[in-house]
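Worksheet: one structure, shown below.
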Amino acid sequence: MAAKLVGSITAISESGDLISDISHDQLADAPRDEGTTVTCDEHRTLGIYPADHQQPEMTYVAVLGKSGFLELCIVGESAAMFLGIRPGAKVEISW
Numbered sequence: 006m007a008a009k010l011v012g013s014i015t016a017i018s019e020s021g022d023l024i025s026d027i028s029h030d031q032l033a034d035a036p037r038d039e040g041t042t043v044t045c046d047e048h049r050t051l052g053i054y055p056a057d058h059q060q061p062e063m064t065y066v067a068v069l070g071k072s073g074f075l076e077l078c079i080v081g082e083s084a085a086m087f088l089g090i091r092p093g094a095k096v097e098i099s100w
């Protein structure tokens, strides 16, 4: 059975990561593998990674952030500046 969560970007970290209002608890049933799709403002990534992931530079990833919420990042770059996403943008997670 397919599932979906919808939230939004609520803040931007000092490093330019996009912080959503989707908590780690809300993601308890979501698979962490590539069967999970995260979309924000038409930008899509697969999987949800821990904060200490080892993804390569310039990779767009969804992480279980230290904030306690899902965060969207571009490794080594400001996701907010690179993608032009601002608070209020819709975030959709499906699996």
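One gets this note's numbering by counting positions in the sequence shown from 1 and adding 5 to each. Yeah, the Cβ is synthetic: ideal placement off N, Cα and C, and Gly gets one too. Note that the coordinates shown come from a computational prediction; the quantities given were computed from them, not determined experimentally.
Nearest candidate by alpha-carbon position, reference residue i, set the options
i      : options                    : result
Thr88  : Glu47, Pro61, Glu19        : The question names Thr, yet the displayed sequence has Leu at residue 88. For Leu88, the nearest C-alpha among the options comes from Glu47.
Tyr65  : Ser28, Ala35, Asp22, Ser72 : Asp22
Ile18  : Gly40, Pro92, Thr50        : The sequence given here has Ser at residue 18, not Ile. The shortest Cα separation from Ser18 among Gly40, Pro92, Thr50 belongs to Pro92.
Met63  : Gly70, Leu77, Lys71, Gly73 : Leu77
Lys95  : Leu51, Ser13, Ala7         : Ser13
Arg111 : Lys71, Gly81, Ala56        : Since the first residue of the chain shown is 6 and the last is 100, residue 111 is not available in this structure.
Identity of the residues DSSP links to residue i by a beta bridge
i      : result
Arg110 : Nothing about residue 110 can be read from this structure; the chain reaches only from 6 to 100.
Neighbour-count burial assignment, residue i, 16 or more Cβ in a 10 Å radius
i      : result
Ala67  : buried
Glu39  : exposed
Leu122 : A query on residue 122 cannot be resolved here, the shown segment of the chain reaching from 6 to 100 and no further.
Ala84  : buried
Val43  : buried
Leu51  : exposed
### Task
At 3 residues or longer, and completely inside the stretch 7-92: list those beta strand (DSSP E) runs for me, N to C.
9-17, 23-28, 42-45, 48-51, 65-69, 74-79
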